[in-house]
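Reading through the structure tokens given below for one structure.
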Amino acid sequence: MVELIRIVFLDGNTFGSDFSFLSNDKTYLWKSWSGVVYSVHDYCKYGFPGLRYQSTADNRAYLERSLERKCTFMRENNLPIWNGEFGPVYDSTGGEKEAINSERYQMLKDQLSLYKAKKIVGWSIWTYKDIGFQGT
Amino acid sequence: MNALRIPFNYSHFLYDTKQLYPFKLNYEGFKHLDRVVELCAAHGIYTIFDLHAVPGGQNTDWHSDSPGHHAAFWDLLDYQNWVVELWKVIASRYKNQAWVAGYNPLNEPTEKTGSKLLHFCDRVVKAIHEVDPDHLSKSHRLWSSLYV
């Protein structure tokens with residue numbers, strides 16, 4: 001008989017990046033939990049003003065390292081990972097905005113392929129509704 | 001896309017933090033959450049509840065409503081107690097709503113010791129599961145298949 005349970009998504013410390021609060025716990029409290037999925041927020045520096053993303057091999061390797069360093073606890077213990085919040089901001093005012101935004105869309109594509117390849121159970125982009133802070 | 005993460009602020013449900021006692025919940029806050037859950041359900045979309053701001057602020061950024069670069073949520077145990085109570089009320093309310101896929105009880109914490117966060121997580125996971133242990137019916141295997 002399969003036991004189905006309500007899922008609780010737990011964000012890592014430091015804005016969804018650090019699970020050492022669990023790996024350092026030598027009482028292993030996390031082992032007493034069921035129905036938990038561990039949530040990272042995989043924002044990337046290339047999605048913000050100041051950096052350009054070229055989808056080079058190095059860029060894509062960076063995306064992978066940046067994701068994996070948040071996931072070490074879950075990988076070590078074979079636990080499910082959800083990317084609960086991530087996404088670039090968009091340029092709405094500069095002269096290069098089209099180029100910048102298409103680079104950011106490309107980065108998003110690369111991130112989504114990465115999540116598929118790395119068996120991240122799901123993701124939720126920030127945000128589906130732009131009230132003026134993500135750009136246009 | 002089959003699920004939406006719905007962020008909300010504790011202030012829909014809990015009164016002014018300057019009033020410490022007694023703990024009171026504002027049930028009017030559920031008006032909007034119910035509406036969103038039902039709207040999504042009507043379109044075959046699961047919802048995941050995200051408590052994005054808690055009393056005192058759980059991180060040092062503006063989006064947790066922290067009073068100024070300090071995560072005061074971790075300073076006062078009563079703030080954490082209220083949030084655990086709030087989650088019990090939420091979990092109990094949506095116990096039979098199959099389209100609520102799960103709960104994200106604390107968005108983006110920053111807690112210097114790690115130990116307060118650990119204990120808060122332990123309390124909230126156990127509190128939610130105590131109220132709502134066997135939620136998903138067999139017809140909603142999508143999320144449950146993560147586990148079994």
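Chains as they are written, first to last, in this note's numbering: chain Y, 1 to 136; chain B, 1 to 148.
Using N, Cα and C, we set each Cβ at its ideal position, and we do this for glycine too.
Here the structure is a predicted model, which means the values were calculated and not measured.
Exercise. Chain B partners of residue 75 (chain Y), CB-CB under 7 Å?
Worked result: In chain order: nothing, as chain B lies at least about 16 Å away.
For this session: Give the residues of chain C in contact with residue 11 (chain Y), contact being defined as C-beta atoms less than 7 Å apart.
Result: Among the protein chains in the structure shown, which are Y and B, there is no chain C.
Problem set entry | CA-to-CA distance, residue 94 (chain Y) to residue 35 (chain Y), given in whole angstroms | Those two C-alpha atoms are separated by around 46 Å.
For this session: Starting from the beta carbon of residue 121 (chain B), find every residue of chain Y whose beta carbon is closer than 7 Å, and list them in chain order.
Result: Within chain Y, the residues placing a beta-carbon under 7 Å from that of residue 121 (chain B) are 10, ordered along the chain.
Problem set entry | Cross-strand partners of residue 39 (chain Y) (DSSP beta bridge) | Y:11, Y:82, per the DSSP bridge assignment.
For this session: Could you tell me whether any Cβ in chain Y is nearer than 8 Å to the Cβ of residue 8 (chain B)?
Result: By this cut-off, residue 8 (chain B) is not an interface position.
For this session: Could you pull out every unbroken beta strand (DSSP E) segment of at least 3 residues lying fully inside the segment 87–115 of chain Y, listed in chain order?
Result: Taking 3 residues as the minimum length, the segment 87–115 of chain Y contains no beta strand (DSSP E) run wholly inside it.
Exercise. Quick one: Cα of residue 153 (chain Y) to Cα of residue 127 (chain Y), how far?
Worked result: Residue 153 (chain Y) is absent from the model: chain Y starts at 1 and stops at 136.
Problem set entry | chain B contact residues for residue 36 (chain Y), given Cβ-Cβ distances below 8 Å | What residue 36 (chain Y) touches in chain B: 125.
Exercise. Short check: CB of residue 111 (chain Y) to CB of residue 73 (chain Y), under 8 Å?
Worked result: Going by C-beta atoms, residue 111 (chain Y) is not nearer than 8 Å to residue 73 (chain Y).
Exercise. Residues of chain B with CB under 9 Å from residue 25 (chain Y), in chain order?
Worked result: Those within 9 Å of residue 25 (chain Y) in chain B are 114, 115, 118.
Exercise. Listing by chain order, which chain B residues have their CB less than 7 Å from the CB of residue 20 (chain Y)?
Worked result: Result: 114.
For this session: Have a look at residue 115 (chain Y) and residue 9 (chain B) and give me their C-alpha separation to the nearest angstrom.
Result: About 29 Å.
Exercise. Under 8 Å Cβ-Cβ, which residues of chain B neighbour residue 39 (chain Y)?
Worked result: Simply 104.
Exercise. Which stretch, first to last residue, makes up the alpha helix (DSSP H) that contains residue 37 (chain B)?
Worked result: From DSSP, the alpha helix (DSSP H) with residue 37 (chain B) extends over 30–42.
Exercise. DSSP three-state call for residue 123 (chain Y): helix, strand or coil?
Worked result: Strand.
Exercise. In whole angstroms, what is the alpha-carbon distance linking residue 91 (chain B) and residue 49 (chain B)?
Worked result: Those two C-alpha atoms are separated by around 10 Å.
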